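Number of protein chains: 2
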Amino acid sequence: MRNFVARKLNNGAVLRESDEARLDELVRNWRAMPARTDIISQGDDPEFVHAILDGIACRYKILPDGRRSIMDLLIPGDFCDMHIAILGRMDHSIGTLTPCRVAHISRPEVEDLLQEYPRIARGMWWSSLVDEAILREWLVNMGQRRSDRQMAHLLCELYLRFAAVGWPEAFSLGLTQEQLADTLGITVVHVQRVITALRQDGLIELRDRQITIPDIAQLMEFSEFDPDYLHLPPEH
Amino acid sequence: MRNFVARKLNNGAVLRESDEARLDELVRNWRAMPARTDIISQGDDPEFVHAILDGIACRYKILPDGRRSIMDLLIPGDFCDMHIAILGRMDHSIGTLTPCRVAHISRPEVEDLLQEYPRIARGMWWSSLVDEAILREWLVNMGQRRSDRQMAHLLCELYLRFAAVGWPEAFSLGLTQEQLADTLGITVVHVQRVITALRQDGLIELRDRQITIPDIAQLMEFSEFDPDYLHLPPEH
DNA sequence: CGTTGGTTTGATGGTTCTCAAACTAGGTGG
DNA sequence: CCACCTAGTTTGAGAACCATCAAACCAACG
Chain P
1 MRNFVARKLN NGAVLRESDE ARLDELVRNW RAMPARTDII SQGDDPEFVH
51 AILDGIACRY KILPDGRRSI MDLLIPGDFC DMHIAILGRM DHSIGTLTPC
101 RVAHISRPEV EDLLQEYPRI ARGMWWSSLV DEAILREWLV NMGQRRSDRQ
151 MAHLLCELYL RFAAVGWPEA FSLGLTQEQL ADTLGITVVH VQRVITALRQ
201 DGLIELRDRQ ITIPDIAQLM EFSEFDPDYL HLPPEH
Chain V
1 MRNFVARKLN NGAVLRESDE ARLDELVRNW RAMPARTDII SQGDDPEFVH
51 AILDGIACRY KILPDGRRSI MDLLIPGDFC DMHIAILGRM DHSIGTLTPC
101 RVAHISRPEV EDLLQEYPRI ARGMWWSSLV DEAILREWLV NMGQRRSDRQ
151 MAHLLCELYL RFAAVGWPEA FSLGLTQEQL ADTLGITVVH VQRVITALRQ
201 DGLIELRDRQ ITIPDIAQLM EFSEFDPDYL HLPPEH
């Protein structure tokens with residue numbers, strides 16, 4: 001089992017063996033969570049910082065009328081809540097979408113990590129800035145593109161993010177259409193129509209409710225995807 | 001002339017006189033910039049960190065087809081590019097929307113500030129996290145609300161953000177309809193229709209192309225505005 | 001006094017939502 | 001093993017929202 005946290009941070013900082021060893025230790029405390037379960041809820045002031053080791057989670061808010069808005073997808077290697085120590089309470093929730101393995105690290109351990117492991121601290125800093133850049137690109141995506149391009153753009157991003165942590169299997173996405181709808185801000189019905197359209201154009205493939213990408217370059221061109229905002233090292 | 005940077009940071013940290021004095025010094029280097037001018041352009045690796053002292057600026061990207069997407073509005077007290085030292089190159093541009101006074105602070109000065117003034121450093125850290133929270137709320141706003149609510153929500157946010165730095169004049173917004181359109185991801189024509197509708201409902205007032213808010217509570221209710229995400233101290 | 005940038009208004013069309021219902025696959029209990 | 005139930009997917013018809021295109025209007029400015 002590889003350490004996806006270390007792999008992710010390695011994109012923004014050059015870690016040494018001692019760094020990776022420490023991360024391996026910290027990541028040893030984890031628990032399995034079923035799909036659709038909150039890791040942290042809005043209003044919490046949690047004691048632990050969490051990292052996703054396996055599965056897909058999301059940041060989300062529930063609107064007054066009951067709709068859910070997903071503002072970020074968290075994949076293996078992603079931290080959930082590094083910021084909570086400063087802001088105090090959570091202004092949104094974090095929950096699993098698929099079954100997940102979630103590591104929990106105590107606040108003192110995080111403090112120690114940031115103080116004593118400067119390369120890791122730099123990687124964390126880099127990581128949170130990339131998260132912000134992703135958020136900005138989502139804003140562009142939702143504001144300016146039609147929903148088929150939106151969907152394609154999201155898939156391109158996930159493809160690259162999974163690749164950046166060296167996801168072992170070929171990329172395949174097992175989210176439900178409702179989860180995709182809440183992410184893109186469109187209805188389930190329309191997600192369905194967009195997916196069938198993309199499938200008919202040969203841009204994606206669908207087997208057992210899993211989306212795969214036959215030709216990433218083609219999908220990137222279709223969605224005007226520019227990977228610049230992910231700030232990945234050149235080889236990706 | 002008050003120091004809006006200090007006022008803003010005071011919302012997230014308790015500054016002392018020495019802190020404010022240092023900020024006063026740093027902010028002394030500024031230049032006036034006309035409207036519609038880039039402070040930093042995409043691809044730059046700038047030498048200075050900038051802060052808005054007066055006027056309104058924005059983060060934006062230009063899409064391949066020429067459209068502009070505004071992803072953040074920067075008001076007096078806001079820093080533009082604290083993150084650039086880590087990420088290297090800018091993945092978006094920052095430009096003025098109205099005439100601005102912009103302070104520029106050298107990288108060594110910023111380093112010193114973060115090292116030697118821990119309360120300021122904490123305020124900066126808080127500030128960047130709030131920026132991220134604002135970005136998330138914009139995503140919710142654009143994804144889930146109709147354009148009249150979107151507009152109202154944006155106006156509520158700006159009202160509170162200006163209030164949080166103690167903006168001297170009563171709130172009034174002097175952006176063009178095109179600038180608002182690029183921010184909300186809708187067309188100029190539709191901005192026009194939304195504005196007249198809000199005006200007819202008495203939710204906003206319009207004089208000399210300046211939008212004012214007669215009753216903020218009413219506008220907040222209309223747009224389902226929950227100020228929680230701004231993480232302001234209770235008095236606001 | 002023409003030019004320019006911005007606002008306002010109208011008509012039409014496309015994208016996406018809403019409502020409604022059928023269908024599929026997996027799981028559970030009789 | 002089958003009947004039922006549930007969550008998720010698929011399809012259709014009509015309406016709402018917003019975009020597009022086009023043109024008039026207005027104020028500031030040289």
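Protein chains in written order, with the UniProt record's numbering: chain P, 1 to 236; chain V, 1 to 236. All residues carry an ideal CB built from backbone N, CA and C; glycine is no exception. Bear in mind the structure is a predicted one, so any value in this text is a computation, not a measurement.
> For D44 of chain V, which residues from the same chain have a beta carbon less than 6 Å from its beta carbon, with the 5 sequence-adjacent residues on both sides left out?
Replying inline: M90
> CB-CB under 7 Å to V5 of chain P, same chain, minus the five flanking residues each way: which ones, in chain order?
Replying inline: L23, V27, A51 and G77
> What residue range is occupied by the uninterrupted beta strand (DSSP E) comprising T96 of chain V?
Replying inline: S93 to T96
> By DSSP, does E205 of chain P sit in helix, in strand, or in coil?
Replying inline: Looking at E205 of chain P - three-state DSSP - the assignment turns out to be strand.
> Are the C-beta atoms of R133 of chain P and some chain V residue less than 9 Å apart?
Replying inline: Looking at the sequence shown, residue 133 of chain P is not Arg but Ala. With 9 Å as the cut-off, A133 of chain P counts as an interface residue toward chain V.
> According to a CB-to-CB cut-off of less than 8 Å, which residues of the region 82 to 97 of chain P neighbour chain V?
Replying inline: H83, I86, L87, G88, D91 and H92
>> Does the contact criterion of 3 or more C-beta pairs under 8 Å hold for the region 132 to 145 of chain V versus the region 217 to 235 of chain V?
In response: Three or more Cβ pairs closer than 8 Å define a contact, and the region 132 to 145 of chain V meets that threshold against the region 217 to 235 of chain V.
>> Under DSSP, the beta strand (DSSP E) around I62 of chain P begins and ends at which residues?
In response: A57 to I62
>> Tell me the DSSP secondary structure of R28 of chain V in three-state form.
In response: coil
> Which one of P:L173, P:L198 and P:D148 has the shortest CA to CA distance from L158 of chain P?
Replying inline: When only C-alpha atoms are compared, the closest one is P:L173.
>> Relative to the C-alpha of A13 of chain P, which candidate in V:G55, V:I94 and V:L87 has its C-alpha closest?
In response: V:L87
> Thinking C-beta only, is A164 of chain P closer than 9 Å to C100 of chain P?
Replying inline: no
> Mind pulling the beta strand (DSSP E) runs of 3 or more residues that sit fully within the UniProt domain "HTH crp-type" (145 to 217) of chain V?
Replying inline: 205 to 207 and 210 to 212
> Which residue from P:A103, P:I40 and P:L184 puts its Cα closest to that of M71 of chain P?
Replying inline: P:L184
>> For A181 of chain V and H153 of chain V, I'd like the C-alpha separation in whole angstroms.
In response: 14 Å
>> Quick check on this structure: which residue in V:S127, V:V188, V:S69 and V:D215 has the alpha carbon closest to the alpha carbon of I75 of chain V?
In response: V:S127
>> If we define contact as Cβ-Cβ less than 9 Å, is L9 of chain P a contact residue for chain V?
In response: no
>> Once DSSP output is grouped into helix, strand and coil, what is the label at A103 of chain V?
In response: Annotated three-state conformation of A103 of chain V is strand, per DSSP.
> Just how far apart, CA to CA, sit S209 of chain P and I94 of chain P?
Replying inline: Note that residue 209 of chain P is Arg in the sequence shown here, rather than Ser. For R209 of chain P and I94 of chain P, the distance between alpha carbons rounds to 24 Å.
> Any residues in the region 199 to 232 of chain V with a beta carbon nearer than 7 Å to a beta carbon of chain P? Which ones, in chain order?
Replying inline: E224, D228, Y229 and H231
>> Strictly by DSSP, which residues pair up with I70 of chain V?
In response: Answer by DSSP bridge pairing, in chain order: V:Y60.
> G55 of chain V: buried (16+ other C-beta within 10 angstroms of its C-beta) or exposed?
Replying inline: buried
> Looking only at DSSP bridge pairs, what is A51 of chain P linked to?
Replying inline: P:F79 and P:A103
> What are the boundary residues of the alpha helix (DSSP H) that includes F225 of chain V?
Replying inline: No alpha helix (DSSP H) contains F225 of chain V, which DSSP labels as neither H nor E.
> In chain order, what residues of the same chain lie with their CB nearer than 7 Å to the CB of Y117 of chain V, ignoring the 5 residues before and after it?
Replying inline: If the five residues before and after Y117 of chain V are omitted, its C-beta is found closer than 7 Å to the C-beta atoms of D19 and R22, all from its own chain and listed in chain order.
> How would you call T37 of chain P, buried or exposed, if buried means at least 16 neighbouring beta carbons within 10 angstroms?
Replying inline: Exposed, by the Cβ-count rule.
> List, in order along the chain, the chain P residues whose C-beta lies closer than 9 Å to that of R67 of chain V?
Replying inline: Q144
> So which residues on chain P does P64 of chain V lean against when the C-beta distance must stay under 8 Å?
Replying inline: By Cβ distance, chain P contributes E224.
> Which whole-angstrom value is the C-beta distance of C156 of chain P and I211 of chain P, which I expect to be below 8 Å?
Replying inline: With a beta-carbon spacing of about 12 Å, C156 of chain P and I211 of chain P fall beyond the 8 Å limit used to define contacts.
> Could you check where the beta strand (DSSP E) with D38 of chain V kicks off and where it finishes?
Replying inline: D38 to I40
> Can the beta-carbon of I120 of chain V be found closer than 9 Å to that of L9 of chain V?
Replying inline: yes
> How would you write the range of the alpha helix (DSSP H) that V5 of chain P sits in, first residue to last?
Replying inline: F4 to L9
>> On the criterion of 16 or more Cβ atoms from any shown chain inside 10 Å, does A170 of chain V qualify as buried, or is it exposed?
In response: By the neighbour-count criterion, in which 16 or more other beta carbons inside 10 Å mark a residue as buried, A170 of chain V falls on the exposed side.
>> Just checking: is the beta-carbon of R193 of chain V within a distance shorter than 9 Å of some beta-carbon in chain P?
In response: no
> Which chain V residues sit within Cβ distance under 8 Å of L129 of chain P?
Replying inline: H83, I86 and L87
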